[in-house]
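Reading through the structure tokens given below for one structure.
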Amino acid sequence: MLAIRDLHLYYGASHTLRGVSLDARMGEVTCILGRNGVGKTSLLRAIFGLQPIAGGTIAWEDRDIAGLAPHLRARCGLALVPQGRDIFPRLTVLENLQTGFAPLPREKREVPEEIFSLFPVLRDMLRRRGGDLSGGQQQQLAIARALVTQPRLLILDEPTEGIQPSIIKDIERVIRYLAQRGDMAILLVEQYFDFARDLADAYAVMERGEVALAGCKADMEESAVRRYLTV
Ligand SMILES: Nc1ncnc2c1ncn2[C@@H]1O[C@H](COP(=O)(O)OP(=O)(O)O)[C@@H](O)[C@H]1O
Ligand SMILES: [Mg+2]
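Residue numbers (my numbering): 5 to 235.
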């Protein structure tokens, strides 16, 4: 499991994460909710090693990974689906998927067939350029690219942002399937409350760089959570 304790992060003088603690367990979806600017993306980037931290610990499978470079965290089984997707627009869909090979040993470098059963649209588009895909297709490609790395901790930053409802349903189905398979911990940042509520086994609501509210699905009080999400 992932265990974060007392994490602090600064951008210059601005204290952006203020003692964040959070767990994410195997076979569960842990949702992080919160308005724009509260530090959700910063937290995910810190977990993945893209942003240095000023204090605290990030333990993954009982090992402190806070000192590791991002590519080494990927080798430990972490994968990040970034906000905004970051598809390579001039590479084909297949080439985008192949960028996920980087952390894998040579003999494991193939795109698992399962990816195309999860996202059939990608098989039809293998030779298209990433930049020619719709936003929803790019989001599916970004998730697929992360799955190519065969992660045990899948981190998704607002996968429903700017995406049409039919594809949101597809993405929801995939995330639920991956969680139920039981060999992956999923950390999901969302502002879309219904999506988060339907998927979350555990949740944390952030406010100004801190966890303001946290718990498991059973004790999630919709009105209390929504209060933190409305502007
Ligand atoms: N690279 C950066 N440099 C300076 N400030 C940043 C940087 N990235 C984010 N911030 C600031 O940190 C705060 C948290 O941002 P972010 O983690 O992106 O929040 P969220 O994902 O919850 O919208 C915001 O005030 C944002 O403007
Ligand atoms: Mg963000």
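Don't be surprised by glycine CBs; every beta carbon is placed ideally from N, CA and C.
Give the single residue among the options whose Cα lies nearest to the Cα of residue i.
{"i": "Asn40", "options": "Arg185, Glu165, Leu203 and Ala204", "result": "Glu165"}
{"i": "Val178", "options": "Val33, Gly219 and Ala17", "result": "Val33"}
{"i": "Arg127", "options": "Phe105, Glu99, Lys173 and Cys35", "result": "Glu99"}
{"i": "Ser170", "options": "Ala218, Arg185 and Gln144", "result": "Gln144"}
{"i": "Gly88", "options": "Asp205, Ser138 and Leu122", "result": "Ser138"}
{"i": "Met5", "options": "Cys80, Ala28 and Leu48", "result": "Ala28"}
{"i": "Arg113", "options": "Leu191, Cys80 and Val152", "result": "Val152"}
{"i": "Gln184", "options": "Glu225, Arg231, Asp90 and Gly31", "result": "Gly31"}
{"i": "Ile172", "options": "Asp205, Thr61, Asp90 and Phe199", "result": "Phe199"}
{"i": "Asp90", "options": "Cys80, Ala146 and Leu48", "result": "Ala146"}
{"i": "Ser121", "options": "Ile62, Ser227, Arg94 and Asp174", "result": "Asp174"}
{"i": "Pro56", "options": "Arg94, Arg67, Leu11 and Cys80", "result": "Leu11"}
May I ask you to check if the CB of residue i is nearer than 8 Å to at least one heavy atom of ligand 2?
{"i": "Val193", "result": "yes"}
{"i": "Asp161", "result": "yes"}
{"i": "Gln87", "result": "yes"}
I need the straight-line Cα distance from residue i to residue j, nearest angstrom please.
{"i": "Phe92", "j": "Gly135", "result": "7 Å"}
{"i": "Val42", "j": "Ala150", "result": "25 Å"}
{"i": "Leu158", "j": "Leu233", "result": "24 Å"}
{"i": "Pro86", "j": "Leu182", "result": "18 Å"}
{"i": "Glu194", "j": "Ala50", "result": "17 Å"}
{"i": "His19", "j": "Glu118", "result": "42 Å"}
{"i": "Pro155", "j": "Gly104", "result": "10 Å"}
{"i": "Thr96", "j": "Arg132", "result": "5 Å"}
{"i": "Asp223", "j": "Glu111", "result": "45 Å"}
{"i": "His75", "j": "Cys220", "result": "31 Å"}
{"i": "Gln142", "j": "Tyr15", "result": "30 Å"}
{"i": "Ile69", "j": "Leu217", "result": "26 Å"}
{"i": "Lys44", "j": "Ile36", "result": "7 Å"}
{"i": "Glu176", "j": "Leu130", "result": "23 Å"}
{"i": "Leu101", "j": "Val115", "result": "7 Å"}
{"i": "Glu162", "j": "Arg9", "result": "23 Å"}
{"i": "Leu192", "j": "Leu108", "result": "24 Å"}
Is residue i near residue j, with beta carbons less than 9 Å apart?
{"i": "Val209", "j": "Ser25", "result": "no"}
{"i": "Trp64", "j": "Ala7", "result": "yes"}
{"i": "Phe197", "j": "Val229", "result": "yes"}
{"i": "Leu84", "j": "Leu54", "result": "yes"}
{"i": "Leu203", "j": "Arg180", "result": "yes"}
{"i": "Leu13", "j": "Ser46", "result": "yes"}
{"i": "Glu211", "j": "Gly60", "result": "no"}
Is the beta carbon of residue i within less than 8 Å of some heavy atom of ligand 1?
{"i": "Met188", "result": "no"}
{"i": "Thr164", "result": "no"}
{"i": "Met129", "result": "no"}
Throw me the rounded Cβ distance for the residue i and residue j pair, which I believe falls under 8 Å.
{"i": "Ala58", "j": "Ala78", "result": "Their Cβ separation, rounded to whole angstroms, is 23 Å, which puts Ala58 and Ala78 out of contact at 8 Å."}
{"i": "Gly213", "j": "Leu21", "result": "5 Å"}
Hey, which residues come within less than 6 Å of ligand 3, measuring from Cβ to any heavy atom, in chain order? The model on display carries ligand 1 and ligand 2 but not ligand 3.
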